[in-house]
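Chemist:
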Amino acid sequence: MATSMMPNALDLLRFLPEVILAFFAIAIMLWESSYDDHGTRPGMPTLALIGLALAAVASMIAGDNPGSAFHDMLVVDSFATFFRLLVLGVGALTVLTASPFLRKLNAEGGEFYSLLLLSILGQSLMAASNELIMVFIGLEISSISSYVLAGYLRDDKRSNESALKYFLLGSFATGFFLYGIAWIFGLTGATNFTRIAAVLGNPDIAPDLVFTSIAAALILVGLCFKISAFPFQSWAPDVYQGAPTPVSAFLSAAPKAAAFAILLRIFFIAFEPLSDRWLPLLGAVALLTMIVGNFAALWQTDIKRLLGYSAIANAGYILVAVAAHSSLGVSAVLFYLAAYSLMNAGAFAVLSMRPETAIEDYNGLAARQPATAALMTVFVASLIGLPLTAGFFGKFYIFKSAIDAELYWLAALGLLSSAVAAFYYVRILVAMYMKPVAADAPALEAPAASLQAVLWLSAAATIGFGVFPGWLLDWATRSSALLR
Amino acid sequence: MFLLLAILIPVLGFFACMTLFRRNSSTAFTAALAASGTTLLAALALIPAVAQNPTRLSQAIDINWIPYPPIHFSIGADGLSLWLIAATALLTLIAVLSSAKRDASFLAWLLLLEAGIIGVFSAQDLFLFYVFFELTLVPCLFLMGRYGKDSGRATSTGATVRFFIYTFAGSVLMLAAIVYLFLKSGTFDFQNIMAQMAAGSFRLSPAEQMPLFLAFFLAFAVKTPLFPFHAWQADAYATAPSPLGIMMAGLMGKLGTYGLLRFCLPLFPNAARDCAGWIDALAIIAILYGALVAIVQPNLKRLLAFSSLSHLGFIVLGVFSFHQNGLDGAAYQMVCHAITTGALFLLAGYLEDRKSSSEIASFGGVATSAPWLATAFLIAALASSGLPALNNFVGEFLILQGVAFTGFPAAAAAAVGVILSAVYLLWSYQRIFLGPKPEAATADLSGTETLAVAPLLLLMIVMGVWSGGFLPLQSAVNSKILQQTKMNVEFRVETPAPTPNPEARNGN
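See below:
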């Protein structure tokens, strides 16, 4: 028995992305300390990018050898691979955006990239975890690194406020989540998803429904916080507004994607036997999240805050597809998360070019930086959901899955709330194209090369997946074989 | 092939003007002129094939676009869309011709708008139709927002945002309805859905039809616009730059009425018939309200906006008359209204260029120094108010006839609108062109301006006296549509509910 506890080569292969990320996170810190001079410490973003690229290759190799690892604690399937690659991609875009941003503030330090890699490690672990304890470990690694990242600019009051708020509310939610895990273990004697489902689905040994419902509700509360769903959304705008802009881009995409991954895994596998209990609840949460996010965003004057509310509304859209409870819905979730990560990273990358964040500061941007304004237009058009953008097809697949599941009211109200959203997104376009430049507007610098890369890459992908969504949808569909 | 060219050339022109000729506006102008001219030729080249068999789709192209759900890039032209496509190409050429002083991106957006509108008129896949329908918003957003001029209380930004939000919000539910149709019928292809309906293998119950019809109707009613969804219209038309005004007033409204005729009627016949009563009422309100408000407008472009509201009310009334003449009149009037309103907006733009204002009060006695401008405006105004031997007369007469067959009071009420349109158009003519000779002379039509307006005036006369050259093609499609609205009406055989066994009911 003792020998079987040793991990074999396949186990390690399936865990390789996390190992690589941990290795590079440590290597960056060591690399930084090998330089005495504070000013010249090159190569850290490059190291981070190499780490992310190697981890992506490892994820793909692991994805080619699907199966479970470490006695069913991890499961590497196409679903996990999709999410691993997604968070790694978001990480790469974040590194490229953050490097010029931090350099301009003279704040580039190795710990930023280390923490980023560790956070991604946590998310990658969440995506591949097959049982609640692993989920919790991944969640904690991801969250704690994110808390520090939000407060990375330690001389900035807002950044501190953002980190503190994120930390306090986040730990609170993690507490709920952990308590839920404890309940589930107490009720079913298992932490493995399939084993929980086996117990809950067997009427002879299923525990009392009231207790299981409470346990599921506790877990749902924790997850709703992580995906900024109603009624646990209020932290998101404050945190995104205060955090350094590249971190906001990261926080609104990667941890959320990972949280959706485990939401799908826990509820579609472990709590599947109770689905007619939590589905109506999830539908209501989706609707309220969309409405709260979209309507609150109407009154925002700060673009970062506006995108924060937009992130809430987008979580609501994704929840609609979750509530559809079908493999079509799961693939819509994956498609939308990928599309959203792209357009969101692009939009935040534009914002990271300058410290001012009020909408008026973007008045007349088209006259000053036509290329940047045009790229921002692509991201905004995608967020609105205009045809021929990835965001449009994302919304289309989401609402299609909802109509397919006969959730007509949810689809109709969701679509209408996305029309409300057009109103605040258009304000960004109006400012850029239709308002004159303020006389005292500060001079603008040309965007750095790596930032240009992020902008053009995400814009090209946003339009590319908007004209030919087939490939991404195929991949999302192949990765969504969760409901069997 | 010609149809595909009519969409591709403007798109190529858009990219060329946006990138290659960005810095050089005169080259861009030449390129845009060439692109829109070629598009017009391509559109005209469609005529022979369509004329042979107007109900069949000519130049049909069907390319797989997205594998799942199966969305096709499927386009085609028939008798109904042919003249609308040709009118789009013509009006775009004229709009480009009158934008010689504009910069390259203005021309580029005009061309993209053309591609979008032609796409709407030729799309045969419902999803593609929606894509084109929404895409027309983007060029309008930039053209209005960047090049619009504030007009009185209306700021161009405010008008732009209102236009965008109204039309975007109006059409999102149509997407849901399209998805529903797909899930029930298994295809986005309109012809395929109609074939399934004809074969009886796909049927929408009246209870299903109603919400679907309303979702489509809302999108089209906002776009047209139909009372009470017209709040965006007057400000948008008044602040839009003149070349865009030509296209918006002349063509964008037709997207709505075309959609009603092409999709709403055959897809949801029961619901369309059930709703015809209140839609007719809305249309009559639009006709009378638009005309009455137009009378008191101090601004020429706003006057034309309300005049459009009134005239489009006629078209909607014709569509929902469910009578061959009414449908024919509506289809004919769509093209005629595009020509006349396009001409009126073009001339209003010329007047505005001369006085840098479109307030009617700032003009007076223009006819003495600019007789050709005055004559052109008079012809267009008379055509618009429905003078016999000019084009609008044919359309309005057929509509009123069709409506009279089905409900005489509605026709009588709508006919009042014809009288009112003569009042506001002739009165505005009088205030602008007649009266004492002003101190400052107004320049008459220049060579280019004459070139732009002449084909429209010519068409007004040709379409007025030779409707036989245009109408039969539309008429053939209309009779097919009318037939389709009948074939899906459900016959239900009432079967008595099976009486439960009395013993079983008693629990024995």
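Protein chains in written order, with our numbering: chain A, 1 to 484; chain B, 1001 to 1508. In this text, a Cβ means the ideal position worked out from N, Cα and C, and glycines have one as well. Since the model is a prediction, treat every value here as computed from it, not as a measurement.
Among all the DSSP beta bridges, which residues are the ones paired with Glu131 of chain A?
Modeler: The residue labelled residue 131 of chain A in the question sits at position 131 within the first sequence. Answer is A:Asn192.
Chemist: Tell me the residue span of the alpha helix (DSSP H) that contains Leu472 of chain A.
Modeler: Numbered from its first residue, the first sequence carries residue 472 of chain A at position 472. Note, Leu472 of chain A: alpha helix (DSSP H), Gly470 to Arg478.
Chemist: Which partner residues of Glu1208 of chain B appear in the DSSP bridge assignment?
Modeler: For the purposes of this step, residue 1208 of chain B is taken as the residue at position 208 of the second sequence. Bridge partners of Glu1208 of chain B: none, in fact.
Chemist: For a contact defined as C-beta to C-beta under 8 Å, what are the partners of Phe426 of chain A on chain B?
Modeler: Numbered from its first residue, the first sequence carries residue 426 of chain A at position 426. In the sequence as presented, Phe is not what sits at residue 426 of chain A; that position holds Val. Within 8 Å Cβ-Cβ: Leu1141, Val1161, Phe1164 and Ile1165.
Chemist: To the nearest angstrom, how far is it from the Cα of Phe177 of chain A to the Cα of Lys226 of chain A?
Modeler: For the purposes of this step, residue 177 of chain A is taken as the residue at position 177 of the first sequence. For the purposes of this step, residue 226 of chain A is taken as the residue at position 226 of the first sequence. Roughly 10 Å between the two C-alpha positions.
Chemist: With a threshold of 16 other CB atoms inside 10 Å of the CB of Ser1201 of chain B, please say whether the residue is buried or exposed.
Modeler: If you number the second sequence from 1, residue 1201 of chain B lands on position 201. It is exposed - the Cβ of Ser1201 of chain B has fewer than 16 other Cβ atoms within 10 Å.
Chemist: Report all residues from its chain with a CB closer than 6 Å to the CB of Pro436 of chain A; omit the five preceding and five following residues, and keep chain order.
Modeler: Indexing the first sequence from 1 puts residue 436 of chain A at position 436. Once the five neighbours on either side are set aside, the close Cβ partners of Pro436 of chain A are Gly364.
Chemist: Who are the near neighbours of Pro237 of chain A in its chain, counting only those whose CB is closer than 7 Å to its CB and skipping five residues on each side?
Modeler: As a first step, residue 237 of chain A is located in the first sequence; it is residue number 237 there, counting from the start. These residues qualify, in order along the chain: Arg305, Gly308 and Tyr309.
Chemist: Locate the beta strand (DSSP E) running through Asn294 of chain A, then write down its first and last residues.
Modeler: By 1-based counting over the first sequence, the position of residue 294 of chain A is 294. Element bounds for Asn294 of chain A: not the beta strand (DSSP E) but the alpha helix (DSSP H), Ser275 to Ala297.
Chemist: Output, in chain order, the set of chain B residues within a Cβ distance shorter than 8 Å of Ile403 of chain A.
Modeler: Translated into the one-based positions of the first sequence, residue 403 of chain A becomes position 403. Neighbours of Ile403 of chain A on chain B, chain order: Ala1176, Val1179, Tyr1180 and Leu1183.
Chemist: For His325 of chain A, which residues of its own chain have a beta-carbon under 7 Å away from its beta-carbon, when the five flanking residues on both sides are left out?
Modeler: For the purposes of this step, residue 325 of chain A is taken as the residue at position 325 of the first sequence. Contacts found: Ser275, Leu279 and Ala405.
Chemist: Under the assumption that Ser341 of chain A contacts Gly89 of chain A (Cβ atoms under 8 Å), give the Cβ distance between them as a whole number of angstroms.
Modeler: The sequence position of residue 341 of chain A within the first sequence is 341, counting from 1. The sequence position of residue 89 of chain A within the first sequence is 89, counting from 1. For a cut-off of 8 Å, the C-beta gap from Ser341 of chain A to Gly89 of chain A is around 7 Å, short enough to register as a contact.
Chemist: If you reduce the DSSP assignment to three classes, tell me which class His1072 of chain B lands in.
Modeler: Mapped onto the second sequence, residue 1072 of chain B falls at position 72. Looking at His1072 of chain B - three-state DSSP - the assignment turns out to be strand.
Chemist: Write down every uninterrupted run of the alpha helix (DSSP H) in the region 1131 to 1209 of chain B whose length is 4 residues or greater and which is fully enclosed by it, in chain order.
Modeler: 1137 to 1147, 1156 to 1185 and 1190 to 1199
Chemist: Rounded to the nearest angstrom, what separates Glu1494 of chain B and Ile1193 of chain B at their Cα positions?
Modeler: Numbered from its first residue, the second sequence carries residue 1494 of chain B at position 494. Numbered from its first residue, the second sequence carries residue 1193 of chain B at position 193. With a pLDDT of 49 at Glu1494 of chain B, under the threshold of 50, the predicted position of this residue should be treated as unreliable, though the coordinate-derived value follows. Computed Cα separation, rounded: 28 Å.
Chemist: Quick check: the Cα distance between Ala1367 of chain B and Ala1441 of chain B, rounded to an integer number of angstroms?
Modeler: Looking up residue 1367 of chain B in the second sequence gives position 367. Looking up residue 1441 of chain B in the second sequence gives position 441. Each residue's alpha carbon lies about 10 Å from the other.
Chemist: What residues match up with Asn1299 of chain B in a beta bridge as DSSP calls it?
Modeler: Numbered from its first residue, the second sequence carries residue 1299 of chain B at position 299. Answer is B:Glu1359, bridged to Asn1299 of chain B.
Chemist: Would you mind telling me which residues of chain A sit closer than 7 Å to Glu1134 of chain B, beta carbon to beta carbon, in chain order?
Modeler: Numbered from its first residue, the second sequence carries residue 1134 of chain B at position 134. Residues of chain A passing the Cβ test: Leu386 and Pro387.
Chemist: If you draw a straight line from the C-alpha of Leu1093 of chain B to the C-alpha of Ser1026 of chain B, how long is it?
Modeler: Against the second sequence, residue 1093 of chain B aligns to sequence position 93. Against the second sequence, residue 1026 of chain B aligns to sequence position 26. Cα to Cα, the separation comes out at about 16 Å.
Chemist: Is the CB-CB distance between Ala1108 of chain B and Phe1029 of chain B below 8 Å?
Modeler: Here residue 1108 of chain B refers to the residue found at position 108 when the second sequence is read from its first residue. Here residue 1029 of chain B refers to the residue found at position 29 when the second sequence is read from its first residue. No.
Chemist: Could you check whether Ala1383 of chain B and Met1334 of chain B sit closer than 8 Å to each other, using their CB atoms as the reference points?
Modeler: For the purposes of this step, residue 1334 of chain B is taken as the residue at position 334 of the second sequence. For the purposes of this step, residue 1383 of chain B is taken as the residue at position 383 of the second sequence. Their beta carbons are not under 8 Å apart, which means Met1334 of chain B does not touch Ala1383 of chain B by this criterion.
Chemist: DSSP three-state label for Ile205 of chain A, please.
Modeler: Residue 205 of chain A sits at position 205 when you count from the first residue of the first sequence. DSSP places Ile205 of chain A in coil when its eight states are reduced to three.
Chemist: At what residue ranges does the region 47 to 71 of chain A contain a whole run of the beta strand (DSSP E), taking only runs of 3 or more?
Modeler: Fully enclosed beta strand (DSSP E) runs of 3 or longer: 67 to 69.
Chemist: Closest to Tyr1166 of chain B by CA distance: which of A:Ser162, A:Pro7 and A:Ala419 is it?
Modeler: The residue you call residue 1166 of chain B lines up with position 166 of the second sequence. Checked all of A:Ser162, A:Pro7 and A:Ala419; the closest Cα to Tyr1166 of chain B is A:Ala419.
Chemist: Could you tell me the alpha carbon to alpha carbon distance between Leu1445 of chain B and Trp471 of chain A, rounded to whole angstroms?
Modeler: Position 445 of the second sequence, counted from the start, is the residue given in the question as residue 1445 of chain B. Position 471 of the first sequence, counted from the start, is the residue given in the question as residue 471 of chain A. Those two C-alpha atoms are separated by around 55 Å.
Chemist: Does Trp1065 of chain B come out as helix, strand or coil in the three-state DSSP assignment?
Modeler: For the purposes of this step, residue 1065 of chain B is identified with residue 65 of the second sequence, where counting begins at 1. Here Trp1065 of chain B sits in strand by DSSP.
Chemist: Could you please give me the residues that DSSP links to Lys1125 of chain B through a beta bridge?
Modeler: In the second sequence, the residue the question calls residue 1125 of chain B occupies position 125. Correcting the residue type first, residue 1125 of chain B is Asp in the shown sequence and not Lys. In the DSSP output, where bridge partners are listed per residue, Asp1125 of chain B has B:Asp1189.
Chemist: Report the partner residues of Ala358 of chain A according to the DSSP bridge assignment.
Modeler: As a working note, residue 358 of chain A is residue 358 in the first sequence. Partner(s): A:Asp302.
Chemist: Who are the near neighbours of Ser487 of chain A in its chain, counting only those whose CB is closer than 7 Å to its CB and skipping five residues on each side?
Modeler: A question about residue 487 of chain A goes unanswered here, because the residues of chain A that appear run from 1 up to 484.
Chemist: The alpha helix (DSSP H) that contains Val1416 of chain B, what's its start and end?
Modeler: For the purposes of this step, residue 1416 of chain B is taken as residue 416 along the second sequence, with counting starting at 1. Start and end: Phe1408 to Phe1433.
Chemist: Please confirm if Val1131 of chain B has its CB atom under 8 Å from at least one CB of chain A.
Modeler: As a working note, residue 1131 of chain B is residue 131 in the second sequence. For Val1131 of chain B, the answer is yes, since a Cβ of chain A falls inside 8 Å of its Cβ.
Chemist: Just to confirm my understanding: we take Ala1370 of chain B, look at its own chain, exclude 5 residues before and 5 after, and list those with CB closer than 6 Å. What are they?
Modeler: Within the second sequence, the letter at position 370 stands for residue 1370 of chain B. Taken in chain order, the residues that qualify are Thr1442 and Asp1444.
Chemist: Identify the contact partners of Ile1063 of chain B in chain A, using a Cβ-Cβ distance below 9 Å as the criterion.
Modeler: Taking the second sequence and counting its residues from 1, one reaches residue 1063 of chain B at position 63. Under the 9 Å cutoff, chain A gives no residues; its nearest Cβ is about 12 Å from Ile1063 of chain B.
Chemist: At a Cβ threshold of 8 Å, is Gly470 of chain A touching chain B?
Modeler: The residue you call residue 470 of chain A lines up with position 470 of the first sequence. Yes, because at least one Cβ of chain B sits closer than 8 Å to the Cβ of Gly470 of chain A.
Chemist: Which stretch, first to last residue, makes up the beta strand (DSSP E) that contains Leu74 of chain A?
Modeler: Taking the first sequence and counting its residues from 1, the one referred to as residue 74 of chain A is at position 74. Taken as a continuous stretch (DSSP letters only), the beta strand (DSSP E) holding Leu74 of chain A covers Leu74 to Val76.
Chemist: Considering Cα atoms alone, identify which of B:Ile1085, B:Ser1310, B:Gln1059 and B:Met1252 is closest to Ile1284 of chain B.
Modeler: As a position in the second sequence, residue 1284 of chain B is number 284, starting the count at 1. Relative to Ile1284 of chain B, the option among B:Ile1085, B:Ser1310, B:Gln1059 and B:Met1252 whose CA is nearest is B:Ser1310.
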